[in-house]
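Enquirer: Those sequence lines, one after another, are chains A and B.
With the working numbering, the residue at position 22 of the first sequence is 22, and numbering never jumps.
Each position in the second sequence, counted from 1, maps to that position plus 446 in the working numbering.
All residues carry an ideal CB built from backbone N, CA and C; glycine is no exception.
Treat the numbers as computed from the prediction; the structure is a model and nothing was measured.
Attaching a single structure in structure tokens format; questions to follow.
Number of protein chains: 2
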Amino acid sequence: MFVVKYRKFEVRGFEGMNLYLRSMNIPETKLPRVVIVGGGFGGLRLASSLKKIQVQVVLIDRNNYHTFQPLLYQVASSGLEPDSIAFPIRKIFRNQINFEFRMTEVQEIISEKKTVLTSIGELKYDYLVIATGSQTGYFGLKNVEEKSMPMKTIPQALDLRSLILQNFEKAMLTKDVNESEKLLNFVVVGGGPTGVELAGALAEMKLHVLPADYPGLDSDRMNIHLLEAGTRLLPALSEVSSDSTLEFLSGLGVKVLLNTAVQDYDGELVKTNTNNDLISATVIWAAGVEGAMVKGIDGDVPLRNKRLTVDEFNRVKGYENVFAIGDVASQTNDERFTKGHPMVAQVAMQQGSLLAKNIKNILLQKPLKAFRYKDLGSMATIGRNKAVVELPFMKMQGILAWFVWMFVHLMALVGWRNRAVTLVNWMWSYFNYDRGVRLIIRPFKK
Amino acid sequence: MFVVKYRKFEVRGFEGMNLYLRSMNIPETKLPRVVIVGGGFGGLRLASSLKKIQVQVVLIDRNNYHTFQPLLYQVASSGLEPDSIAFPIRKIFRNQINFEFRMTEVQEIISEKKTVLTSIGELKYDYLVIATGSQTGYFGLKNVEEKSMPMKTIPQALDLRSLILQNFEKAMLTKDVNESEKLLNFVVVGGGPTGVELAGALAEMKLHVLPADYPGLDSDRMNIHLLEAGTRLLPALSEVSSDSTLEFLSGLGVKVLLNTAVQDYDGELVKTNTNNDLISATVIWAAGVEGAMVKGIDGDVPLRNKRLTVDEFNRVKGYENVFAIGDVASQTNDERFTKGHPMVAQVAMQQGSLLAKNIKNILLQKPLKAFRYKDLGSMATIGRNKAVVELPFMKMQGILAWFVWMFVHLMALVGWRNRAVTLVNWMWSYFNYDRGVRLIIRPFKK
């Protein structure tokens, strides 16, 4: 059944496995097929860990690239090109012969038929892994969802980059003080790493880009507010780091409002639970994430935050051959994480690695290994020379932490081209106090 | 009348000049105002050459960045990030105190009132310079205009990049041979530098990217056709260069069809004036350019290709204070260029430089200097290691020409950040036979 034109799938073995529908033009094989939905940190790690295991791996994603989400805020704030934090998925798997990629969107899973319905055809699986990650959550605030800017994808970050720069351009034109205040007031909602890092980057634009590029604008009129509903910033980190972060951000001129939750936003007025309502044309919503669910998988899920409940082997509760890893999975057996693991890249990658081994164990009919998260630490950067880093063996703040942050993120990028281009941009920004790519390539229209 | 918050316009002098409407929030000044429409090669050169002349320079452009058009084809073929060939206009003029930028689109010129109407307000001028460049021309072929892909702006090049990659992805999915032939057949129309360079880049994708990224596709089924209505490629260069170019392209597998003009295209069938009709989902139109006219200036223009007829001082015929430079201007007094100068960056830049001097001469009531184009040479690259270069004192082809081409283009880019990022990408592509940014960030929809 081996189709000659495909130079892949020279691997044989596992005789007697079923053959597959070919509506997605994927070559037939006698190997069991693992279908992975989503090319994020978890999906990629799983797919590459399956390299030497005798399965056919099919990865599907709506984009043809992997997004390095931790640096999205730098795209939004004109610090990095979008192409530096994206990497073509096909390129990563060039040399993996048991791998196929299809760019498409999943419509529904028909688990009784072991089939994925997509916008371009059906796909049969033996094992299905849902690695769809997370999406912005709004806690039911419809107006906020409609009027605020999310920042979870590259097009969203580019829209935000355009909008920030369009606001500056518009503020140059108005003689109405209220109008210009509205345009230059930026409200970032959510005191997690995304909100903290973006607020810091906006503050640096105020300090270094605005006065030079827009001498006609009084940069004192630009205000950055960071709103956090809880009692401290970066709640996942220690109080020491929260305190440093607050100090660093205040030093940059960011107005941090703790214990402040957004209740409504009409595109102009940000209503909060305190008396402190704000006027702003731009609210950036980094306050909530929820699992990116897939239609058709609904055992005893969703549990919380729209995450799929999985067992210690990342098997979705109620399903035999369906797994979920990363942000979309909620694994509660670990006594340290009874509400599920944090939605971070490290969890997804570690679960991907282990699941590859467990799929091998299933095929070899060996016992499976339970997942146990090894926390490698957390970090966030707050503008030039400042960051907080917490590693298992030490905590640090300030310039040394900043270098650690840069090194870790540079190395975590996929591919040397992306690393080199990112390094050029960072060095440029560092020595010039500049953000080089403040381009409105496609203007944002609400 | 000097408004304090503007730290610009400390320059004084030229008493008695008129004051201006401030609908675009541009600070008042007693200096005469030069309004430049368009931030291309000509507009930028003019604006910076006016740095030390006692005028107020206002540059308007619909984008907030300058586009380095000669490398657009590399964006379209996934070789360079769009952000490498764009440069924020405000950044260029950071230190020029007599300069203002406004991002807007010109709607009409009211020359009797010395006013430019824009989408964001009115603008008075003393001297107006039209530097709007050129746009794609279709010789009245409506279907071609609707169905083919132009490549004159960064968004257009990005759309083309997406479409090429989407075609590959779609071709992976189809089992219909005709459909896949249509998707993998690329027709480039126009044998000038843009067409030649893009055809070469597509050929390199066929040779190096397609087999590695899409092992399921037979790369022999990808065909690149380059159609030229005239008898030779690069008609602006010598026959030696044309011959080398043809040889280089044929060596890369490009099917060059000379004496072949497109008559119609319905999105599928390319009808030509020969019997050789082609089936293709993707026609890239690089066959025609015409001046990008501005409403309201219509003396004895348009003459030819919608270019404004100007005298030897680049003054638009019939107007006292309106000038045009670059692609949009047709200057026929030079016996070498009785049909106007070639529409290239060098002409625009040289006209911009001279016009700055002539504006100074006007202000000082000195005689004006006539423009005389100094041809510094032409060049085009055709894939890896191959280019043709014609300088005033020598012609060359092959690898040395290729290095000259790279050096000249790298140096011509605005800003060190762009140069460094471009160099990283070129080195990456060279050593890896790769094109790093094959990303479908925003899918193209017809």
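Under 8 angstroms by Cβ, that's how I've got Gly737/B and Arg753/B pegged, so tell me the actual separation to the nearest angstrom.
Expert: Within the second sequence, the letter at position 291 stands for residue 737/B. Within the second sequence, the letter at position 307 stands for residue 753/B. Right, their Cβ atoms sit about 4 angstroms apart.
Enquirer: May I ask you to list the residues that DSSP assigns as paired with Gln56/A?
Expert: Numbered from 1 along the first sequence, position 56 holds the residue referred to as residue 56/A. In the DSSP output, where bridge partners are listed per residue, Gln56/A has Arg33/A.
Enquirer: Over what stretch of residues does the beta strand (DSSP E) that includes Gly567/B continue unbroken?
Expert: Here residue 567/B refers to the residue found at position 121 when the second sequence is read from its first residue. Element bounds for Gly567/B: 567 to 570.
Enquirer: Apart from the five residues on each side of it in sequence, which residues of its chain come closer than 7 angstroms, Cβ to Cβ, to Ser684/B?
Expert: Numbered from 1 along the second sequence, position 238 holds the residue referred to as residue 684/B. Counting only Cβ-Cβ distances below 7 angstroms, and skipping sequence neighbours, we find Glu836, Lys841.
Enquirer: Which of helix, strand or coil does DSSP assign to Gln156/A?
Expert: Here residue 156/A is taken as the residue at index 156 of the first sequence, counted from 1. Three-state DSSP puts Gln156/A in a helix.
Enquirer: Could you give the C-beta distance for Val129/A and Phe403/A, rounded to a whole number, given that I count them as a contact under 8 angstroms?
Expert: Indexing the first sequence from 1 puts residue 129/A at position 129. Indexing the first sequence from 1 puts residue 403/A at position 403. Going by Cβ atoms, the distance from Val129/A to Phe403/A rounds to 36 angstroms, so no, they are not a contact pair.
Enquirer: Alpha carbon to alpha carbon, how far is Tyr265/A from Arg540/B?
Expert: In the first sequence, the residue the question calls residue 265/A occupies position 265. In the second sequence, the residue the question calls residue 540/B occupies position 94. Near 36 angstroms, if we compare the C-alpha coordinates of Arg540/B and Tyr265/A.
Enquirer: Against Lys114/A, what residues of chain B qualify as contacts under a CB-to-CB distance less than 8 angstroms, listed in chain order?
Expert: Residue numbering aside, residue 114/A sits at position 114 when the first sequence is read from its first letter. The premise fails here: Lys114/A is roughly 20 angstroms from chain B at the closest Cβ pair, so nothing lies under 8 angstroms.
Enquirer: Exposed or buried, what is Leu467/B when buried is set at 16 or more other beta-carbons lying within 10 Å of its beta-carbon?
Expert: Position 21 of the second sequence, counting from 1, holds the residue named residue 467/B. Because Leu467/B sits at a pLDDT of 48, beneath the cut-off of 50, its placement in the model cannot be relied upon, and the point is left open.
Enquirer: For chain A, is any of its Cβ atoms less than 8 angstroms away from the one on Gly662/B?
Expert: As a position in the second sequence, residue 662/B is number 216, starting the count at 1. Yes, Gly662/B lies at the interface with chain A (some Cβ there is under 8 angstroms from its Cβ).
Enquirer: Note down the Cα distance separating Phe614/B from Leu630/B, rounded to an integer number of angstroms.
Expert: Here residue 614/B corresponds to residue number 168 of the second sequence, with the count starting at 1. Here residue 630/B corresponds to residue number 184 of the second sequence, with the count starting at 1. Whole-angstrom Cα-Cα distance: 7 angstroms.
Enquirer: Which first and last residues belong to the alpha helix (DSSP H) in which Tyr194/A is found?
Expert: Locating residue 194/A in the first sequence gives position 194, counting from the first residue. It should be pointed out that residue 194/A corresponds to Thr in this sequence rather than to Tyr. It spans 193 to 204 - the alpha helix (DSSP H) in which Thr194/A sits, taken as one unbroken run.
Enquirer: Taking Cβ positions only, does Arg607/B come closer than 8 angstroms to chain A?
Expert: Position 161 of the second sequence, counting from 1, holds the residue named residue 607/B. Cβ-Cβ to chain A under 8 angstroms: no for Arg607/B.
Enquirer: Taking the alpha helix (DSSP H) that Lys891/B belongs to, which residues open and close that run?
Expert: In the second sequence, residue 891/B corresponds to position 445, counting from 1. Here Lys891/B belongs to no alpha helix (DSSP H), and DSSP marks it neither H nor E.
Enquirer: With distance defined between alpha-carbon atoms, name the residue in Met873/B, Gly586/B, Lys628/B nearest to Gly882/B.
Expert: Start at 1 with the first residue of the second sequence, and residue 882/B comes out as number 436. Residue Met873/B is the option with its Cα nearest to Gly882/B.
Enquirer: For Gln135/A versus Phe444/A, is the C-beta spacing smaller than 8 angstroms?
Expert: Start at 1 with the first residue of the first sequence, and residue 135/A comes out as number 135. Start at 1 with the first residue of the first sequence, and residue 444/A comes out as number 444. No, the pair does not count as a contact, with Cβ atoms beyond the cut-off.
Enquirer: Please compile the residues from chain B whose C-beta is within a distance smaller than 9 angstroms of the C-beta of Met411/A.
Expert: By one-based count along the first sequence, residue 411/A stands at place 411. Ordered by position in chain B, no residue passes the 9 angstroms Cβ test against Met411/A, which lies about 17 angstroms from the chain.
Enquirer: Compare the beta carbon distance of Ser241/A and Leu252/A with 8 angstroms and say whether it is the shorter of the two.
Expert: Here residue 241/A is taken as the residue at index 241 of the first sequence, counted from 1. Here residue 252/A is taken as the residue at index 252 of the first sequence, counted from 1. No, Cβ-Cβ distance for Ser241/A and Leu252/A is not below 8 angstroms.
Enquirer: Can you list the residues of chain A that Val870/B reaches, using a CB-CB cut of under 8 angstroms?
Expert: One-based indexing of the second sequence puts residue 870/B at position 424. Chain A residues near Val870/B: Arg417, Ala420, Val421, Val424.
Enquirer: Since I believe Val55/A is in contact with Pro32/A (beta carbons under 8 angstroms), could you give me their beta-carbon distance rounded to a whole number of angstroms?
Expert: Here residue 32/A corresponds to residue number 32 of the first sequence, with the count starting at 1. Here residue 55/A corresponds to residue number 55 of the first sequence, with the count starting at 1. Confirmed, Cβ separation roughly 5 angstroms.
Enquirer: Taking 8 angstroms as the cut-off, does the region 598 to 612 of chain B touch the region 711 to 726 of chain B (at least 3 CB pairs, one atom from each stretch)?
Expert: Taking 8 angstroms as the limit for Cβ pairs, the verdict is that the region 598 to 612 of chain B does not touch the region 711 to 726 of chain B.
Enquirer: What first and last residue would you give for the beta strand (DSSP E) that runs through Leu117/A?
Expert: If you number the first sequence from 1, residue 117/A lands on position 117. Its beta strand (DSSP E) spans residues 115 to 118.
Enquirer: Are the C-beta of Ala261/A and some C-beta of chain B separated by less than 8 angstroms?
Expert: Residue mapping note: residue 261/A aligns to position 261 of the first sequence, counting from 1. No, Ala261/A does not count as interfacial toward chain B.
Enquirer: When the Cα atoms are used, what is the spatial distance from Asn18/A to Glu28/A?
Expert: Taking the first sequence and counting its residues from 1, one reaches residue 18/A at position 18. Taking the first sequence and counting its residues from 1, one reaches residue 28/A at position 28. Caution applies to Asn18/A, whose pLDDT of 41 falls short of 50 and renders its modelled position unreliable; the value that the coordinates give is listed next. For Asn18/A and Glu28/A, the distance between alpha carbons rounds to 10 angstroms.
Enquirer: Do Thr272/A and Val256/A have their C-beta atoms closer together than 8 angstroms?
Expert: If you number the first sequence from 1, residue 272/A lands on position 272. If you number the first sequence from 1, residue 256/A lands on position 256. No.
Enquirer: Would you kindly check if the distance between the Cβ of Ile60/A and the Cβ of Val34/A is under 8 angstroms?
Expert: Here residue 34/A refers to the residue found at position 34 when the first sequence is read from its first residue. Here residue 60/A refers to the residue found at position 60 when the first sequence is read from its first residue. Their beta carbons are not under 8 angstroms apart, which means Val34/A does not touch Ile60/A by this criterion.
Enquirer: With a threshold of 8 angstroms, are at least 3 pairs of Cβ atoms found where one atom belongs to the region 324 to 342 of chain A and the other to the region 280 to 287 of chain A?
Expert: Cβ pair count under 8 angstroms is below three, so no.
Enquirer: Is it the case that the Cβ atoms of Phe632/B and Lys832/B are separated by a distance below 8 angstroms?
Expert: The residue labelled residue 632/B in the question sits at position 186 within the second sequence. The residue labelled residue 832/B in the question sits at position 386 within the second sequence. Going by C-beta atoms, Phe632/B is not nearer than 8 angstroms to Lys832/B.
Enquirer: Can you check the region 828 to 885 of chain B for any alpha helix (DSSP H) of at least 4 residues that lies completely inside it and give the ranges in chain order?
Expert: Segments of the alpha helix (DSSP H) lying fully in the region 828 to 885 of chain B: 845 to 858, 862 to 878.
Enquirer: Going along the chain, which unbroken runs of the beta strand (DSSP E) with 3 or more residues stay wholly within the region 227 to 303 of chain A?
Expert: Listed in chain order, the complete beta strand (DSSP E) runs (minimum 3 residues) inside the region 227 to 303 of chain A are 255 to 257, 262 to 265, 269 to 272, 282 to 285, 289 to 291.
Enquirer: For Asp529/B, which option in Thr755/B, Gly844/B, Tyr876/B, Arg863/B has the closest C-alpha, if you only look at C-alpha atoms?
Expert: Here residue 529/B refers to the residue found at position 83 when the second sequence is read from its first residue. Nearest of Thr755/B, Gly844/B, Tyr876/B, Arg863/B to Asp529/B, Cα basis: Arg863/B.
Enquirer: Cβ of Gln553/B less than 8 angstroms from any chain A Cβ?
Expert: Taking the second sequence and counting its residues from 1, the one referred to as residue 553/B is at position 107. So no, Gln553/B is outside the interface.
Enquirer: Compute the distance between the beta-carbons of Ile92/A and Val414/A, then report whether it is under 8 angstroms.
Expert: Walking along the first sequence from the start, residue 92/A turns up at place 92. Walking along the first sequence from the start, residue 414/A turns up at place 414. Yes, the Cβ-Cβ distance between Ile92/A and Val414/A is below 8 angstroms.
Enquirer: Quick one: measure Cβ to Cβ for Ser330/A and Val310/A, integer angstroms, because I've assumed they're closer than 8 angstroms.
Expert: Numbered from its first residue, the first sequence carries residue 330/A at position 330. Numbered from its first residue, the first sequence carries residue 310/A at position 310. Ser330/A to Val310/A, Cβ: 7 angstroms. Contact.
Enquirer: Alpha carbon to alpha carbon, how far is Lys170/A from Ile457/A? Give it in angstroms, no decimals.
Expert: Residue 457/A cannot be examined here, being either before or after the span of chain A that is shown, 1 to 446.
Enquirer: Rounded C-beta distance between Met379/A and Ala401/A? I'm assuming under 8 angstroms.
Expert: Within the first sequence, the letter at position 379 stands for residue 379/A. Within the first sequence, the letter at position 401 stands for residue 401/A. At roughly 7 angstroms, the Cβ-Cβ gap stays under 8 angstroms, so Met379/A and Ala401/A are in contact.
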